[in-house]
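Quick notes on the structure that follows.
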């Protein structure tokens, strides 16, 4: 037995004494906790600890630190760059039982939740307050996980990402210390912005156990519309025009013709198989009309068809469900295959160029990869639908992915708008940030000198 | 001669060889660079280096590091908590000659400026583009300084603070390395958010030499209005109602009756000497009308008088100039005295309580201290107008200040909404953030192990 294996045995004993049945070493449970929705190879932890409080997380991490054993936090496992893979084994802390909404301050438009609360649960909880939490990455992810990965999604063009919507955090550090960052004030100049440092740190600097979030009043009026375009360029140029004109659209999503074909088949819809924009407008009744009118003019200018409106809640839900199912719809195009989702984000003026060049590159590589995007932010995704046994195909996808990232970087963009780095984009992060990555590493070393917090991710 | 003095002599020689006339050791120049607009005691650096490029800043910092000599960055000297005081001597790097607007990306609503560009210069430069940079802390501060102190000001309720409006930075680190953080994409999940770490770090982690900023389209319509209230409570409750109703006001400023008296006298105006709100609305013509109508209803509900409108640019400029001169107007109330500005920020639901208790505390302490505030954010300021020779008075002010901060913290607020920590609020920062301050210190140690970057500030 190696020293590491011996350490693990004693650690598991101590964790069992602390957690009882809530510490599992079953192969099935471990396997389930080592994989996310990404293409990257999963890696099982040696044990899974189901924590129920911040103090318990602190105790678990303290024990892991004593035994020099890695710690990986787990929310819902819907990350997309291998974030939860236990590359060096160790203990997975599953936060999915920490589901309390701790406070809702209706007058101040904020709330505090435990890390395991999912976004749909929160909005359900808020139902009678007239408030909602807008960030919507598609998956019904946990708010702790969304914070740790700096999630954004369809509403970000209007409401921003987790970066701007997290007011404060409770974090357990690598040595078991519990800190609170930020607070409930809308702004503060009190010291370093630790909140923003932990948002997007992917569990590599500490484990987030509670999140203070901004909330928003549910708009008086909301309506959604779908519009098809003869060309990808027309669709993207409509987006650019809308953003440059400052129209405060709540959502503006692009699905290319490959994706629309998939969505139609998967969701039993009959949209034209053309590049398509999905819009949502929020505001006063007059404001929503004004926005729709302006965007209507832009769509006409770029050859778009008529708007198909969805104003009732259930119609809108159906429309956005189809959008959110895009990933599964894409997978269904080629049964037995695996999806490899990836994303980039560029300045809006370069969006048309970047999307069109990427589409051409995919087509000429002979791969199947629909493009969808939160295009109002300049952010788009593609999903390679790959035969897991066809190594040549996988290699071609890796090349197209790398070319897409380098194209985005050359245009002043970023290697990932919202999926994060995980262990899938570490090389891309270096290409993007150069020397600044060494500063990230210095911070990591300062806060986690033994490299036990989600090792092998980001830096 | 001590070792430190010898080091300084050689350093000055080397800096002179690098910068020639742009390195000054004159007492007058050093004195001017060791003080800001705060009450706190100034402290002169030993030399002032007028840098003209990022590379030059890197060379200066490298030399200072070799000679283990502190570095303090200087923009316009308008900070309010002693940020620029060279508490341990050393070299002040004056960035005021770095005034190039490096790029304006009109289609993407962003620009890149050198750190010495002032906010009015930038807006002047942007005049023909239809764009503007909204952050307005009152003083015509440099954008590097505004970034380093996480400035906000009157427009923050609508446009956010420097935190949300800085897209990326060029920073020279304590060892002379140059890094670029962030980028031009509207969002990114690529690694730790170093940009937000440097925003508000007050020169303690590095010197900011270039800033990438978000810009906004100049709204179709803008109009401003002034409204007086019989009670402070009525004015503050109008603010609370406006924010809770989600009215997207661009500015909503409170001046209490003491401040209104000062403003009338200083700016030759004839507003009622009552608690007063200054509003500004931005949007489409219809949108501005809609906003004004809603706010008008709230003011009536809380006993406010009629709106006095200012729609023409020159009227609005006059109105906001009076608001921005509030500090100087307050000083003019008691000639020969010194101002001690301080600020806190609380959740909006506690704002009335916090302002009213603070007003009472000031009055019962017999001090002169007008209250003004960016109340839409829950942020308010007061300026103690103090006789510099009256130690008892100064001690009473310190007590009122501490009670105000503790009151704000007890209400879930922060010890400073926008003035920062400098060396005036270090104890308050500990009271607010507790153990998290030790994490700030770990980060500081990691990036500046010799403690040479603006030592004695924040941590």
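Chains as they are written, first to last, in this note's numbering: chain A, 6 to 464; chain B, 6 to 464. Just so it is clear, CB atoms sit at the ideal spot from N, CA and C, and this is done for glycine as well.
Under 8 Å between C-beta atoms, does residue 347 (chain A) make it to chain B?
Not flagged as an interface residue toward chain B: residue 347 (chain A), since no C-beta distance is shorter than 8 Å.
Report all residues from its chain with a CB closer than 8 Å to the CB of residue 3 (chain B); omit the five preceding and five following residues, and keep chain order.
Because chain B here runs from 6 to 464, residue 3 (chain B) falls outside it and cannot be looked at.
First through last residue of the alpha helix (DSSP H) which encompasses residue 379 (chain B)
Run containing residue 379 (chain B): none in the alpha helix (DSSP H); it sits in the beta strand (DSSP E), 376-379.
Could you give the residue range of the beta strand (DSSP E) that holds residue 387 (chain B)?
Its beta strand (DSSP E) spans residues 384-391.
Do residue 232 (chain B) and residue 310 (chain B) have their beta-carbon atoms positioned less than 8 Å apart in this structure?
Yes, the pair counts as a contact, with Cβ atoms nearer than the cut-off.
Would you mind stating whether residue 106 (chain A) and residue 65 (chain A) have Cβ atoms separated by less than 8 Å?
No, they are not a contact pair.
Using 8 Å as the Cβ pair cut-off and three pairs as the minimum, do the stretch 104-118 of chain A and the stretch 389-405 of chain A touch?
No, the stretch 104-118 of chain A does not touch the stretch 389-405 of chain A.
Using a beta-carbon distance cut-off of less than 7 Å, what residues from the stretch 185-209 of chain B approach chain A?
Under the 7 Å Cβ criterion, the stretch 185-209 of chain B contributes 185, 186, 188, 189, 190, 191, 192, 193, 194, 195, 196, 197, 198, 199, 201, 202, 204, 205, 206.
Is residue 29 (chain A) buried or exposed, if buried means 16 or more other CB atoms sit within 10 Å of its CB?
Buried, because 16 or more other Cβ atoms sit within 10 Å of the Cβ of residue 29 (chain A).
Can you check whether the C-beta of residue 442 (chain B) is within less than 8 Å of a C-beta belonging to chain A?
Contacts with chain A at 8 Å (Cβ-Cβ) include residue 442 (chain B).
Given that residue 452 (chain B) touches chain A, what residues does it touch there, using C-beta distances under 9 Å?
For a Cβ distance threshold of 9 Å, residue set 444, 447, 448, 451 of chain A lies close to residue 452 (chain B), ordered along the chain.
Residue-chain proximity (residue 113 (chain A), chain B), Cβ-Cβ < 8 Å:
At least one chain B Cβ lies under 8 Å of residue 113 (chain A).
Under a CB-based cut-off of 8 Å, is residue 110 (chain A) close to chain D?
Among the protein chains of the structure shown, namely A and B, there is no chain D.
When DSSP builds the beta bridges, which residues end up paired with residue 345 (chain A)?
Residue pairing by DSSP places residue 345 (chain A) opposite A:389 in a beta bridge.
Whole-number beta carbon distance between residue 89 (chain A) and residue 41 (chain A), since they are thought to touch under 8 Å
Correct: roughly 5 Å between the Cβ atoms.
Closer than 7 Å by beta-carbon distance: list the chain A residues that pair up with residue 384 (chain B), in chain order.
Chain-ordered, the chain A residues with CB closer than 7 Å to the CB of residue 384 (chain B) read 192.
Going by DSSP, which residues form a beta bridge with residue 370 (chain A)?
For residue 370 (chain A), which the question treats as bridged, DSSP gives no partner whatsoever.
With 16 other CB atoms within 10 Å as the buried threshold, where does residue 46 (chain B) fall?
Here residue 46 (chain B) is exposed. Its C-beta has fewer than 16 other C-beta atoms within 10 Å.
Residues near residue 48 (chain B) by beta carbon distance below 7 Å, same chain, minus five either side:
Residues of the same chain with a CB within less than 7 Å of the CB of residue 48 (chain B), apart from the 5 flanking positions on each side, are 39, 90, 91, 92 in chain order.
Residue 425 (chain A) versus chain B: which residues are under 7 Å apart at the beta carbon?
Listed by position along chain B, the residues whose Cβ is nearer than 7 Å to that of residue 425 (chain A) are 194.
Verify the CB distance criterion: does residue 289 (chain B) have a CB-CB separation below 8 Å to chain A?
Residue-level contact by beta carbon holds for residue 289 (chain B) and chain A, with a gap shorter than 8 Å.
Buried or exposed: which applies to residue 125 (chain A), given that a residue is buried once 16 or more other Cβ atoms fall within 10 Å of its Cβ?
By the 10 Å Cβ count, residue 125 (chain A) comes out exposed.
Between the stretch 285-315 of chain B and chain A, which residues of the former have CB atoms less than 7 Å from a CB of the latter, in chain order?
So the close ones are 289, 291, 292, 295.
Whole angstroms are fine: how far does the CA of residue 133 (chain A) sit from the CA of residue 325 (chain A)?
Rounded to the nearest angstrom, the two C-alpha atoms are 22 Å apart.
Between which residues of its own chain and residue 461 (chain A) is the CB-CB distance below 6 Å, once the five residues before and five after are set aside?
Excluding sequence neighbours, residue 461 (chain A) sits near 92, 428.
Give the secondary structure of residue 272 (chain A) by DSSP, where H, G and I count as helix, E and B as strand, and everything else as coil.
Correct three-state label for residue 272 (chain A): helix.
What did DSSP end up calling residue 195 (chain B) once you bin it into helix, strand or coil?
Residue 195 (chain B): coil per DSSP, three-state reduction.
Which residues, in chain order, does the stretch 321-354 of chain B contribute to contact with chain A at a C-beta distance below 9 Å?
Taking 9 Å as the upper bound on Cβ-Cβ separation, chain A lies near residues 348, 349, 350, 351, 352, 353, 354 of the stretch 321-354 of chain B.
Which residues bound the beta strand (DSSP E) around residue 117 (chain B)?
Where residue 117 (chain B) is concerned, the enclosing beta strand (DSSP E) stretches over 115-119.
Could you say if the stretch 212-231 of chain A and the stretch 187-196 of chain B meet the contact criterion of at least three C-beta pairs nearer than 8 Å?
Because the criterion of three Cβ pairs below 8 Å is not met, the stretch 212-231 of chain A and the stretch 187-196 of chain B do not touch.
Sort out for me which residues DSSP pairs residue 136 (chain B) with in a bridge.
Paired residues: B:222.
Less than 6 Å between C-beta atoms, sequence neighbours within five positions excluded: which residues of the same chain meet that for residue 69 (chain B)?
Taken in chain order, the residues that qualify are 76, 96.
Using the C-alpha atoms, what's the distance from residue 202 (chain A) back to residue 73 (chain B)?
So the two alpha carbons sit approximately 29 Å from each other.
How about residue 171 (chain A) and residue 218 (chain A): do their beta carbons lie closer than 8 Å?
At a Cβ-Cβ threshold of 8 Å, residue 171 (chain A) and residue 218 (chain A) count as neighbours.
Neighbour flag for residue 126 (chain A) against chain B, beta carbons, 8 Å:
It does not: the Cβ of residue 126 (chain A) has no partner Cβ on chain B nearer than 8 Å.
Step through the CB atoms of chain B and report whether any lies within less than 8 Å of the CB of residue 29 (chain A).
Not closer than 8 Å to any Cβ of chain B, the Cβ of residue 29 (chain A) fails to qualify, so no.
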